[in-house]
Amino acid sequence: MIVPDASVVVNALLDSGRDGALAREVMMESAERHAPHLLDVEVTSVLRRWVNAGRLTPDVATSTIADLRDLDVIRHDHALLLEQAITLRNTVSAYDAMYVALADLIGADLVTADGPLSRGAAAHCRIRFLGAPTS
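Numbering (the working numbering), first residue to last: 40 to 174.
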């Protein structure tokens, strides 16, 4: 059981190289994938930024959003995570704390390609660090 963060999902959906292959492999090998609802917003934010920077076309972004919707990931409401998230205020951002709190709550591995998140969350949940994100 894993909690992939947005860096891993973006790599899985858009990276055709090694990082994307690794992200897809890790996502597929797990029987269950969980994430806070925030995942959809964070991935959409990356898509928006990349379209505005000319790295993606609007059509590719729209197609990727459809792929994101179709991902077999169980989304969780933030309400159950907020109290634990505030206790993580000195180690990770509020956004990242949602993933950490969820991984801790359900006993899953947090999978990330974000170095600072992997270091900040290490004391709170199990981490699988996949390297630098493509963004």
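The beta carbon of each residue, even a glycine, is placed where N, CA and C say it ideally should be.
From a predicted model like this one, the values you see are computed outputs, not experimental measurements.
Residue range 97-109 is occupied by the alpha helix (DSSP H) that includes Thr103. Under DSSP, Ala74 shares a beta bridge with Arg114. Under the three-state reduction of DSSP, Val131 is assigned to coil, being neither helix nor strand. Ala74 places its beta carbon less than 8 angstroms from that of Val42. Just measuring C-alpha positions, the residue of Glu68, Gly170, Arg167, Ala140 sitting nearest His76 is Ala140.
Rounded to whole angstroms, the Cβ separation of Ala152 and Leu127 is 19 angstroms, and the two are not in contact under 8 angstroms.
A distance below 8 angstroms separates the beta carbons of Ala133 and Ala124. Ala45 counts as buried, since no fewer than 16 other beta carbons sit within 10 angstroms of its beta carbon. Around the CB of Leu119, fewer than 16 other CB atoms lie within 10 Å, so the residue is classed as exposed.
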